[in-house]
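Here is the structure we will look at.
Chains as they are written, first to last, in the working numbering: chain A, 22 to 495; chain B, 4 to 453.
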């Protein structure tokens, strides 16, 4: 439904200090194929408007799916009432500086539009992948997923903001589960990015389908991952989880300010750590970078109109900046970024990751392997858990390889490792160069009350850590 | 007869009429399900005893499942409550589905649509007014470091199909999901939830939490990793029971090689005969109808005295594996769960623990090896080291890596003789329904690894 938001905003005429309208329209197509048969063909159209008002230093919100002048007026009055009712108890006396004027339009990059493959063609494509994955007798389940989203956002405000974005997102996943006697193993491959239907390259998908099939079979006779302290090389599809959980979340300023303590948790990082905490080894360089073309959480402005730019969070191992919106920055007096984001029209924006990337170093993967006398290479996350201060973690992967005297000698199953955040990152001994650098993303970063699962991007090369506690199954 | 003064019943009638209108447009060999989830909610986030963010939300999602012969397509769209918007939107959705479904492959596991009857349940609540709430909430916290989220409003679920089925469920409820923190960053977690707000009950809940907070003021001790006897309070047990819904009690998960209960199913591992787990809709936390409108029986034993009795089977899974459905939703997760209590009295918990760790809450659980039923996670909030049945000090948080087959198997010493009802307070996308009734448990040799 089309509505002239600027005209609607002008017509509201409420006694508030500032007001904005953020309209989100998201269409999503999702296809699941299991064992070559359709499991789900889902289409969704989600549309609504979030009204945000500032009154007496308090932001109040009200969301409505009724995208009409009347519906938005009704929501705006509720948002105003909310701000009025709670402004005597407000945590901070906010003002218009936290909502800068923003003008512009962002479009995500794509080569082929989302209608270039029909629903039935997507079904056929994934069925073909399942045929490839299901060709061995050991396979008990194979699965293919394709998700296509087209998200349009418009934002207008009483101080002249008028910006919009049009983002196309493609998610894909293949997975295969194999069984031999009582041994069951799984391998998967997938990604999510701002892109178009060019992602669905048949040759690439069939090659990946074949690879994960063979690796799932290989794991059935693999050796259990040893229990010992040893070198650990994490490939990008595990690095993204390591970055997400032990760098991204603890640097969120709303966590550091305590807003998330009742649900997602607090942080071991405290406000005095910025500018001096040695977060990891000198090889550790991590950026907030919403400018990477095609990465999942790229944008020009966050959901408050703050202009997004690339910023170092950790530079040469030292913590320099937090992941905090203009609201968190003014509350904490800590430098932040443009990361006030809402999952959709029905949620207020909070401090989120966008693209949090570990910058490439100088080592090739071969050099890392050759440098290790005894170590493990781990691929593809399968288990993740970390404490509410983001310190003690335990992560598991689908597939691993043993390194002995600088060479890969064996395949290992059920690989896990555990550690404590700063100690772990201080063991970073080699950072992969651009040859192992991969740009990836995750669709479900959970946080917030009410809960929000948002899309975030991560990019990383392979990295080598020394003397990590590694272990296998029982 | 519907009471049209009640907004929920008006919504039931609105949805029913909308469905009737659209289903009249169905052609031969076409069927339709409308599964509806809606809410009108107020969320107030607070931190340090001050208001952080306040959001009102009105949303309703219609998930249309369109079947033509053995092909099917789902179409999800917002319902606004305005006929001029919703009716054309539904007609557009029907036209879209009719056009697209023809080109889709046949779905061999699409079960036949049936009329699963008519139900209509409304739980009217007594919710606080927004003006009184702010005073109540922030004054009760007594200037302590008080953080969390207050939520209140209406939650609705409905399901209609073209065979004549009609279900509607609504409840008006509230939750104050909160924690108090000490200066030393230790915390007590609390939840005051229900459908009838009572100022005195709320104050009692807060006072009890504040009282418990005092126990956390001593310096915490750092325990070495290893095996400890533990008492897991009902909130902590609830976190573990949640894991059963994630590759546990689902029959399709079992068949696809992704179930932690496979060893139990195959008879390779046993559970303690004190442990019984059931789906029990008599708790009143969730409607019995699922996303297809199929109605589960009121009580379905899953594990009874340590033996696996049933797994959750949706109609789709039933058709795929030629077994009988038991009214599970398509996700085949627990919706309203009851763990049977035992004989450990509240007054005897510390004496029975004698020397070990009292664990009030757990955090961020995940399978570390699902095939073996192994899971990992962290202690959280008020956890104490106990000796001679007395609290010595709060502990620094510990990571564990354990097996279901040990915790609910030979290492399970006893369960409390009381259960606590723990509603689902999740709100991803929309506020959740459901919850569980669970006891506390006493376990030996609980394995802490970091």
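Every residue gets a Cβ at the ideal spot worked out from N, C-alpha and C, and that includes glycine.
Quantities reported herein were computed from a predicted structural model and do not represent experimental measurements.
Nearest candidate by alpha-carbon position, reference residue i, set the options
i	options	result
residue 480 of chain A	A:471, A:75, A:154, A:316	A:316
residue 149 of chain A	A:177, A:230, A:34, A:351	A:230
residue 419 of chain A	A:258, A:387, A:98	A:258
residue 367 of chain A	A:327, A:38, A:406, A:82	A:82
residue 89 of chain A	B:63, B:85, B:76	B:85
residue 120 of chain B	B:196, B:95, B:170	B:170
residue 443 of chain A	A:376, A:272, A:323, A:392	A:272
residue 327 of chain A	A:311, A:211, A:110	A:311
residue 238 of chain B	B:164, B:425, B:222	B:425
residue 445 of chain B	B:355, B:263, B:400, B:312	B:355
residue 26 of chain B	B:54, B:56, B:57, B:93	B:93
residue 437 of chain A	A:403, A:464, A:431, A:125	A:403
residue 467 of chain A	A:428, A:373, A:389	A:373
Cα-Cα separation, residue i to residue j
i	j	result
residue 215 of chain B	residue 266 of chain A	31 Å
residue 33 of chain B	residue 414 of chain B	54 Å
residue 31 of chain A	residue 44 of chain A	15 Å
residue 4 of chain B	residue 166 of chain B	Confidence at residue 4 of chain B is low in this model, with a pLDDT of 42, below 50, so its placement is unreliable and the value that follows should be read with caution. Distance between the alpha carbons of residue 4 of chain B and residue 166 of chain B: 22 Å.
residue 338 of chain A	residue 21 of chain B	60 Å
residue 300 of chain B	residue 306 of chain B	16 Å
residue 356 of chain A	residue 346 of chain A	9 Å
residue 162 of chain B	residue 309 of chain B	35 Å
residue 10 of chain B	residue 371 of chain B	46 Å
residue 75 of chain A	residue 340 of chain A	33 Å
residue 145 of chain B	residue 209 of chain B	10 Å
residue 326 of chain B	residue 114 of chain B	12 Å
residue 198 of chain B	residue 129 of chain B	6 Å
residue 199 of chain A	residue 264 of chain A	30 Å
residue 240 of chain A	residue 260 of chain B	14 Å
residue 421 of chain B	residue 443 of chain B	8 Å
residue 429 of chain B	residue 471 of chain A	8 Å
residue 273 of chain B	residue 314 of chain A	53 Å
residue 143 of chain B	residue 392 of chain B	32 Å
residue 179 of chain A	residue 40 of chain A	5 Å
residue 139 of chain A	residue 213 of chain A	20 Å
residue 431 of chain A	residue 233 of chain A	17 Å
Classification of residue i by the beta-carbon crowding that lies within 10 angstroms, buried from 16 upward
i	result
residue 28 of chain A	exposed
residue 211 of chain B	exposed
residue 98 of chain B	exposed
residue 2 of chain B	Nothing about residue 2 of chain B can be read from this structure; chain B reaches only from 4 to 453.
residue 331 of chain A	exposed
residue 374 of chain B	buried
residue 187 of chain B	exposed
residue 488 of chain A	exposed
residue 400 of chain A	buried
residue 384 of chain A	buried
Residues that residue i bridges to, as DSSP identifies them
i	result
residue 304 of chain B	B:281
residue 95 of chain B	DSSP, once it has assigned bridges, lists no residue as partnering residue 95 of chain B.
residue 340 of chain B	B:282, B:439
residue 74 of chain B	B:71
residue 165 of chain B	None, per the DSSP bridge assignment.
residue 63 of chain B	B:41
residue 451 of chain A	A:485
residue 322 of chain A	A:328
residue 124 of chain B	B:172
CB contact check: residue i to chain E, cutoff 7 Å
i	result
residue 411 of chain B	The structure shown contains no chain E; the protein chains it does contain are A and B.
Legend entry - Interface residues of the segment 358 to 381 of chain B facing chain A [CB-CB below 8 Å]: 366, 367, 368, 369, 370, 371, 372, 374, 375, 377, 379, 380, 381
Legend entry - Contact list for the segment 170 to 200 of chain A against chain B, Cβ threshold 7 Å: 198, 200
Inset, instruction - Note down, in chain order, all residues in the segment 135 to 163 of chain A with a beta-carbon under 7 Å from any beta-carbon belonging to chain B. - result: 139, 140, 141, 144, 161, 162
Inset, instruction - Name, going along the chain, the residues of the segment 315 to 341 of chain A whose beta-carbon falls closer than 9 Å to a beta-carbon of chain B. - result: none
Inset, instruction - Could you please tell me which residues of the segment 107 to 119 of chain A, in chain order, have their CB closer than 9 Å to any CB of chain B? - result: 107, 108, 109, 110, 111, 112, 113
Inset, instruction - Using a Cβ-Cβ cut-off of less than 8 Å, give me the residues of the segment 68 to 87 of chain A that come near chain B, in sequence order. - result: 68, 69, 79, 80, 81, 82, 83, 84, 85, 86, 87
Inset, instruction - Check distances from the C-beta atoms of the segment 389 to 415 of chain A to those of chain B and list, in chain order, the residues that come in under 9 Å. - result: 403, 404, 405, 406, 407, 408, 409, 410, 412, 413, 414, 415
Inset, instruction - Could you please tell me which residues of the segment 153 to 186 of chain B, in chain order, have their CB closer than 8 Å to any CB of chain A? - result: 154, 180, 181, 182, 184
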